[in-house]
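Residue numbers (the numbering used here): 729 to 945.
Each residue gets a CB set at the ideal place from its N, CA and C atoms; glycine is no exception.
The structure appears right after this line, and notes come after that.
Structural data, given as structure tokens:
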């Protein structure tokens with residue numbers, strides 16, 4: 729059996745300024761650094777043996793916090809990066825409905841059919857994360873691992889881990905920044921969700937989703 733703690737990165741500047749980050753390599757915000765302090769304490773006594781991270785700075789900083797008390801080498805995996813959103817990248821959420829009405833309608837109501845102009849589709853993210861997580865599990869039989877990824881990538885993967893094909897998408901909700909999901913893999917490398925999107929380690933006032941407008945539309 730393999731245990732994977734799937735963690736969303738800490739709050740970054742794109743979350744604060746509410747623009748679509750995608751592959752834009754933003755730094756962790758001031759609140760994000762406080763979130764990371766809480767996250768490090770959560771993982772202090774969890775016996776993780778490997779840490780995988782997306783190559784983006786906000787994910788790597790989160791991986792370093794998870795790894796604070798473990799001092800393991802970090803494995804950078806480009807396959808667990810966030811969705812590449814093409815023409816949406818860097819655009820404020822408040823401007824998206826006017827600039828991209830058709831795509832924004834899909835994002836809001838049929839996210840499993842979404843693809844930004846010149847970007848990656850959510851279906852491609854689903855397939856990419858499905859394969860990446862399976863490969864990580866296959867390479868780490870019997871281990872407990874932390875994987876640091878991103879909001880859309882995690883949302884897509886949790887659908888697969890919950891036994892749903894992308895055509896039968898059901899919204900698992902957005903992960904708050906630094907939220908943790910625990911997934912166990914059986915001997916056939918089939919995932920089983922133990923819990924998802926848990927941010928109970930965050931102290932009062934440190935939630936990003938609680939004050940974000942875009943995710944409530």
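- Excluding the 5 residues flanking it on each side, residue 857 has same chain C-beta neighbours closer than 6 Å at 881, 884, 885, in chain order.
- When the beta-carbon positions are compared, residue 909 and residue 925 come within less than 9 Å of each other.
- By the CB criterion at 9 Å, residue 921 and residue 890 fall inside the cutoff.
- By the CB criterion at 9 Å, residue 839 and residue 751 fall outside the cutoff.
- Under the three-pair Cβ rule at 8 Å, the segment 868-879 counts as touching the segment 772-782.
- The C-beta distance from residue 737 to residue 790 rounds to 4 Å, short enough to fall under 8 Å.
- The way I'd put it, the segment 858-868 doesn't touch the segment 821-835; fewer than three beta-carbon pairs between them come closer than 8 Å.
- About 15 Å separates the Cβ atoms of residue 757 and residue 878, ruling out a contact at the 8 Å cut-off.
- Within its own chain, the residues whose Cβ lies closer than 6 Å to the Cβ of residue 927, once the five positions on either side in sequence are excluded, are 904, 907, listed in chain order.
- Ranked by Cα distance from residue 918, the first of 901, 863, 931 is 863.
- Residue 938 and residue 785 have their C-alpha atoms roughly 23 Å apart.
- Residue 759 sits buried, since 16 or more C-beta atoms from the chains shown fall within 10 Å of its C-beta.
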